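Heads up, the sequence shown is in our numbering, so the first residue is 567 and it goes up one at a time. Quick reminder that beta carbons are idealized off the backbone N, C-alpha and C, glycines included. Being a predicted model, the structure only gives us computed values, none of them experimental. Before any comments, here is the structure.
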Amino acid sequence: HVVTGWDRRSRALRRWGAFLRDEVRDRWQRFELVWRRSMQLRVVVSTLALSSAVIFVLGMVLQTQITYQLLEAKERAATGQVKSSLPILERELTAVDPNSDDVSEQLEQALNRLTTPNADSRTSQPAAGAFDPVLVDGYFSAPDRPQPSAGPIADVPQELRRFVERGQLARQITTVRRGNEMVTMLVVGVPVGSATRSLQAYLLFPLTAEQQTLGVVQSTLLVGGSVLIVLLGAITNLLTRQVVRPVRQA
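As structure tokens, then:
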């Protein structure tokens, strides 16, 4: 019988596996022995396990509440920004004919007017932060011509567009690509009147700042929870020792 390199490796792996199983079994038996003999260890470990569970639940509740409050504040500010931008768009779109050949250029001019710092005092410093505006004619149906639009219309979700085309103010959180990275956006859409029919305006607000805030909150909760668990373990160990030592001496 010829012993190949594969056979030698298989035997070595089996020996290592047997050694690891014996080592794990031996350590587990030692731990069981210490666990049965040491009431102090049982109390400390049980306290740490329960404390960790409680801290984890509280941390999740706090994180959920903070996330909800951040998103709610962002949605309020974004909706207010859209409503304050609506008169500017309607004024700029009064003379825009969606059926003309240069309608896309006219929509681009309206967006430039909206994003110009001196366009309106209410929009010079948007409370919701920077945004990417989009204008589109959702009712355009000519098969031989592209749909008139201005701005990154591909970043607006189709389901959101259907709501706005029915004349509703709607918002949705989506993820879009910006360069080589994905960016989470809050998209708010609203119908805007023009010369012949309503168009649809969308403002895309990046949620980068909110994500950074949540990252800081998560790090703070993680560090605070870890420190609290260590302190609880130290206090429990001290108190247990004060109780166990007199019992042993007695």
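Residues that residue i bridges to, as DSSP identifies them
i	result
MET751	THR740, PRO772
GLN766	VAL702, PRO757
Residue environment, residue i, which counts as buried when at least 16 other CB atoms sit within 10 Å
i	result
MET751	buried
ASP592	exposed
LYS640	buried
PRO714	buried
LEU677	buried
ARG737	buried
GLN518	The requested residue 518 is not part of the displayed model; the chain covers only 567 to 816.
THR717	According to the sequence as given, residue 717 is Gly; it is not Thr. By the 10 Å Cβ count, GLY717 comes out buried.
GLN697	Reading the sequence as shown, one finds Phe at residue 697 and not Gln. So PHE697 counts as buried.
ALA720	exposed
SER764	buried
VAL730	buried
ASP703	buried
VAL700	buried
LEU628	exposed
GLU658	buried
LEU586	exposed
LEU773	buried
ALA644	buried
VAL809	exposed
LEU655	buried
Boundaries of the alpha helix (DSSP H) in which residue i is found, first to last residue
i	result
ALA720	No alpha helix (DSSP H) holds ALA720; DSSP gives it neither H nor E.
VAL696	With the sequence shown as reference, residue 696 is identified as Ala, and Val is not the correct amino acid for it. Taken as a continuous stretch (DSSP letters only), ALA696 belongs to no alpha helix (DSSP H), as it is neither H nor E.
SER604	Where SER604 is concerned, there is no enclosing alpha helix (DSSP H), given that its DSSP letter is neither H nor E.
Three-state secondary structure assigned by DSSP to residue i
i	result
ASN746	coil
ARG596	helix
LEU673	helix
VAL735	Here residue 735 is Leu; the residue named in the question, Val, does not match the sequence. Reduced to three states, the DSSP call for LEU735 is coil.
GLN713	coil
GLN808	helix
THR613	helix
THR802	helix
LEU637	helix
HIS567	Its pLDDT being 48, under 50, HIS567 is placed unreliably in this model, and the value from its coordinates should be taken loosely. Three-state result, HIS567: coil.
LEU652	helix
LEU659	coil
THR645	helix
SER690	Bear in mind that a pLDDT of 45 at SER690, under 50, signals an unreliable position, so the model cannot answer this.
THR682	coil
VAL793	helix
Any chain D beta carbon closer than 8 Å to residue i
i	result
GLU656	Reference to chain D is not applicable here, since this structure consists of a single protein chain.
Problem set entry | Validate contact between the stretch 780 to 791 and the stretch 597 to 616 using beta carbons, cut 8 Å, 3 pairs | Output reads no: the stretch 597 to 616 does not touch the stretch 780 to 791.
Exercise. Is the stretch 721 to 733 touching the stretch 675 to 684, taking contact as three or more C-beta pairs under 8 Å?
Worked result: No contact exists between the stretch 721 to 733 and the stretch 675 to 684.
For this session: Kindly confirm or deny that the stretch 767 to 781 and the stretch 626 to 638 touch, where touching means at least three C-beta pairs closer than 8 Å.
Result: Taking 8 Å as the limit for Cβ pairs, the verdict is that the stretch 626 to 638 does touch the stretch 767 to 781.
For this session: Report yes or no: do the stretch 765 to 776 and the stretch 644 to 659 share at least 3 C-beta pairs separated by less than 8 Å?
Result: Output reads yes: the stretch 644 to 659 touches the stretch 765 to 776.
Exercise. Using 8 Å as the Cβ pair cut-off and three pairs as the minimum, do the stretch 792 to 803 and the stretch 612 to 619 touch?
Worked result: Output reads yes: the stretch 612 to 619 touches the stretch 792 to 803.
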